[in-house]
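Numbering (this note's numbering), first residue to last: 593 to 894.
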């Protein structure tokens, strides 16, 4: 049997070598990419805060429970503004000898003597209570919607509830303030309608106002405790536990490793890196026996 011509064997070897070279050139995984994919990923940053609640049902329950005292605060503080019973209770306490007289304000103005109205009897605390009740209702609506939309994060909750707790704590302390403006009628502790029964009122018509003032203080204390509870819950949820840190670190590590992986990058919608082919088309075509213009090559085919 006659052996194949030498020119045909040489051309076939050249064709096979060219195909192998093309496969290596167009291979998705290069040596550098394989080494980068197998190399350990960069350690992820430390996890300081979380965005998930540990006890979401309790958070939702606190929102529902908060609605009742918020409405009560709006009603009580709205009725008391601007001066429904503050001056009446002030005068009633003076008649019983419990505190100073509201007449000292006019007397001081007439004598051009500066007079500092005690905070517990001032217009400021009455208006302040009305403003914070409206503000708390606004935040209740906002955080309820944000919680349903899964954007009410523990960090945001901690900041807002810290502020609400501070203003209601100030309101409660102001309502429990002392009255030392009159040296002859010193009131070192809370006002009389808080420490005593409403039945001791000098004017019987002030007994109902006395109960409203007691209820206003109770609402302020309840709201302060409620916001403090939500503050503690938010802080505990914002600080990740060791298990959450480990799971989050593993997830971030997988994400980082996937970004460096060429095939994973293609699955994420990115174009994988390919090596540019070497321009050897002319030499490859010239070596092909069917596309050669040389007469000796064409003659070797027969």
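Idealized CB from N, CA, C, for every residue including glycine.
With burial defined as no fewer than 16 other Cβ atoms inside 10 Å of the residue's Cβ, what is the status of residue i: buried or exposed?
i, result
"residue 741", "exposed"
"residue 658", "buried"
"residue 723", "exposed"
"residue 822", "buried"
"residue 687", "exposed"
"residue 650", "exposed"
"residue 779", "buried"
"residue 647", "exposed"
"residue 702", "exposed"
"residue 708", "exposed"
"residue 675", "exposed"
"residue 759", "buried"
"residue 787", "exposed"
"residue 668", "buried"
"residue 661", "buried"
"residue 681", "buried"
"residue 832", "buried"
"residue 781", "exposed"
"residue 685", "buried"
"residue 834", "exposed"
"residue 640", "exposed"
Quick one: grab the DSSP three-state call for residue i.
i, result
"residue 774", "coil"
For residue i, report the span of its alpha helix (DSSP H) as first-last.
i, result
"residue 662", "648-672"
"residue 789", "Here residue 789 belongs to no alpha helix (DSSP H), and DSSP marks it neither H nor E."
"residue 721", "715-740"
"residue 817", "799-830"
"residue 763", "746-767"
"residue 697", "695-702"
"residue 686", "678-687"
Please determine, among the options, the residue with the shortest C-alpha to C-alpha distance to residue i.
i, options, result
"residue 809", "762, 751, 819 and 820", "762"
"residue 683", "796, 780 and 650", "796"
"residue 812", "721, 681 and 697", "721"
"residue 718", "708, 709 and 678", "678"
"residue 714", "725, 697 and 702", "697"
"residue 747", "664, 661, 843 and 827", "827"
"residue 783", "768, 803, 653 and 831", "768"
"residue 756", "785, 689, 824 and 831", "824"
"residue 776", "689, 640, 685 and 663", "689"
"residue 663", "725, 800, 695 and 640", "725"
"residue 804", "785, 842 and 794", "785"
"residue 671", "766, 764 and 801", "801"
"residue 733", "764, 652 and 807", "652"
"residue 743", "645, 843 and 842", "645"
"residue 764", "837, 842, 838 and 806", "806"
"residue 817", "754, 710, 716 and 666", "754"
Contact defined as beta carbons within less than 8 Å: I believe residue i pairs with residue j. What is the distance between those atoms, to the nearest angstrom?
i, j, result
"residue 655", "residue 735", "7 Å"
"residue 705", "residue 771", "Not really, about 18 Å apart at Cβ, beyond 8 Å."
"residue 749", "residue 815", "Not quite, the Cβ-Cβ distance comes to about 16 Å (not below 8 Å), so this is no contact."
"residue 692", "residue 773", "5 Å"
"residue 731", "residue 752", "6 Å"
"residue 793", "residue 642", "Contact flag wrong, Cβ pair sits at about 53 Å."
Is residue i near the ligand HEM, judged by its Cβ being under 7 Å from some heavy atom?
i, result
"residue 717", "Annotation note on the ligand HEM: not contained in the displayed structure, which lists no ligands."
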